[in-house]
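Sequential numbering from 75 applies to the sequence shown in the working numbering.
Ideal Cβ positions, reconstructed from N, Cα and C, are used throughout, including at glycine.
The structure presented is a predicted model; accordingly, all values stated were derived computationally and were not measured.
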Amino acid sequence: MTDNKKLMYGNEAVARGAYEAGVSLVAGYPGTPSTEIVESATQYPEIEVRWSVNEKIAVETAVGVSKGGGRAMAVMKHVGLNVAADAFMNVSYTGVNGGLVIVSADDPGMHSSQNEQDNRWYALMAKITLLEPSDSQETKDFTKLAFEISEKYDVPVLLRLTTRICHSKGIVICEERNKIPAKKYEINISKYVNIPSNARQNRLKILERQQKLKELSNTIEINTRFPGKGKKGIITSGVSYQYVQEISEEMPILKLGMTYPIPDKLIKKFCQLFEQVTVVEELDGFLETQILALGCHNVEKKPESFTLGELNPHRVENLLKGKTEEITDYYPKPGKSPAMCSGCSYLGVFSVLKKMNLLVEGDIGCYTLGALPPMNALHSFLCMGAGMGMANGLSTQLPNQTKEKLVAVIGDSTFVHSGLPELVDMVYHGFEGLVIILDNRTTAMTGMQEHPGTGKNRKGEPLTTQLDLVEVAKALGATYVKKVLSSRLGVLERAFEKGLAHEGVAVVIAEEPCRHLEKGFDTVVSVNHKTCILCNECLNIGCSAISKENNAITISNPLCIGCQICTSICPSGALKLPIMIQKSRSE
């Protein structure tokens, strides 16, 4: 492979495309399957790369760079665009100066997400350009093209990826960085101050822009017809094109790279050539709905089952042959349930929550796994920051005896992302209950990214300032704030009890670094089978290092890190570390 040819994941190709396009800034919030885009951009010193506090801030920061004349890209997973939607929708009205691209990585099949929303509809609502690449080379090329379209047509561009595009590798031809001079920054009140009188004029400009973008969509090279044999045609986009190619290279295909505005003339002309046309696309019938609205009545409406889950060659073949599907075709049976890492500091927290029989409104992070057996100690999970808001609302519906057991659990990164206004609202509306902030000093689930509460920048370098969660909680009105080590179960339980008994909003910060940040002890816990009473208390922790084999408790030496959470709850003292490094965890 030559120097200019590299094997890249789709996410790496986006970062490369941004580099070659002369981008000044890439900002985002970590979330699978998009995380590696931002991380890959860090290898290019010409780009300022930021992990923003949340997706809305990432988009707004990118808009600011664009307004100043530079090219900017905001990156997030699909549900992150919900957070950024306010800024995203309104920047369509103001338009851009320097090129502006928003990358949304959708997750068909919900491999690591709570829903499989199809973010292509956002482009339709905002009336902006939508591009969908089909492989790593296109991903790089479309990223560069997106900036050209953005600046030429004064429009933000949505680059829509899916999990398989993000995490599949392909050969990419690399080129030199395009040294784009920043555009001149000018104060333009009618363009950027979107008060109603200006917004109405901007709305009219959007309609004019739409007509130009429709013309572009009908002529742009990335909307391509591939001739073939037969009386049936296929219209497709994104990774679905790859699946169609695997099924048959002889079928006539209209491959769309620019999928909004759709190329109406090109589509009508294509449909007139065939007795039947099938639209192959992942998730919703985004293209299909618009094509049917054009009056292309020979387009076959696909069964609802094909809007569920991600496609693959087998499913595409079923679709083209008109076969029905079983549920296992689109949602395969789950394998082994995920589990927290052995020695995870969250294990102790959820052991205490379960012991106290509390009602736990949860949030997004590794700690979401506290809902699974054997812990079963987390009872909701909706979206970032929702645990606190839901606890606030749920408290109004519970009898006092039950309400006294209500807690909200949130991670440190999630608290910074969207928990701060939730705490303000709790205080403002007189919530009486406990908020537990699980501070493991990183954004662990998405790959150990820094955030303002870690005291380090994106590169892991120490900062002169650090967001102090204790002082923040006090400043926002919490009247009981306590920080404890999350592996000291006795201290933890007493802190929870005091917080629940307190009048007003109580905050307990359960602090201990993620086990991937700090090593455990150099030895492991051992089991004294003579004193073990097989009570299974250690199994109820949910630690992956502990199992039961042949009616005996077993500790896995490779997995155990010597955290001693299990030793602190063993009623018979059968679990112990060597005497020289024992530390009490049960004060």
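Going by C-alpha positions, Glu324 is about 19 Å away from Gln346. Under the DSSP assignment, Arg124 falls in the beta strand (DSSP E) whose first and last residues are 122 to 125.
By DSSP's assignment, Val353 forms a beta bridge with Ile309. Listed in chain order, the alpha helix (DSSP H) elements of length 4 or more contained wholly in the segment 397 to 434 are 401 to 404, 419 to 429.
Membership of Met449 in any alpha helix (DSSP H) is not indicated, and neither H nor E is assigned to it by DSSP. When C-alpha distances from Val246 are compared across Pro447, Ile341, Gly84, the shortest belongs to Gly84. For Lys151, the enclosing beta strand (DSSP E) starts and ends at 146 to 151.
Rounded to the nearest whole angstrom, the C-alpha separation of Gly493 and Val601 is 41 Å. Ala159 and Lys622 have their C-alpha atoms roughly 49 Å apart. Short of 7 Å from the beta carbon of Glu478, and not among the five residues preceding or following it, lie these beta carbons of its own chain, in chain order: Leu574. Close CB contacts of Glu86 within its chain, under the 7 Å cut and outside five residues either way in sequence, are with Glu110, Ser114 (chain order). Residue burial annotation: Thr310 is buried, with at least 16 other C-beta atoms found within 10 angstroms of its C-beta. The alpha-carbon of Ile308 is positioned some 6 Å away from that of Leu328. Val157 sits close to Glu129, with the two beta carbons spaced by under 8 Å. With a 10 Å radius around the Cβ and a threshold of 16 neighbouring Cβ atoms, Leu278 comes out exposed. Distance from the CA of Ser618 to the CA of Ser416, rounded to the nearest whole angstrom, comes to 5 Å. Assignment of Ser264 by DSSP, reduced to helix, strand and coil, places it in the helix class.
Remark: C-beta atoms of Met147 and Val97 approach each other more closely than 8 Å. Given a length threshold of 4 residues, each whole run of the alpha helix (DSSP H) inside the segment 615 to 655 is given here in chain order: 639 to 643.
In the structure shown, Arg90 falls within a helical segment according to DSSP collapsed to helix, strand and coil. In the DSSP assignment, Phe348 falls outside any beta strand (DSSP E), carrying neither H nor E.
Annotation: the continuous alpha helix (DSSP H) that includes Met500 extends over 494 to 502.
Here Thr381 really is in contact with Gly359; their C-beta atoms are around 6 Å apart, less than 8 Å.
Here His491 is buried: its Cβ has 16 or more other Cβ atoms, across all protein chains shown, within 10 Å.
Distance from the CA atom of Thr363 to the CA atom of Ala197, rounded to whole angstroms, is 15 Å.
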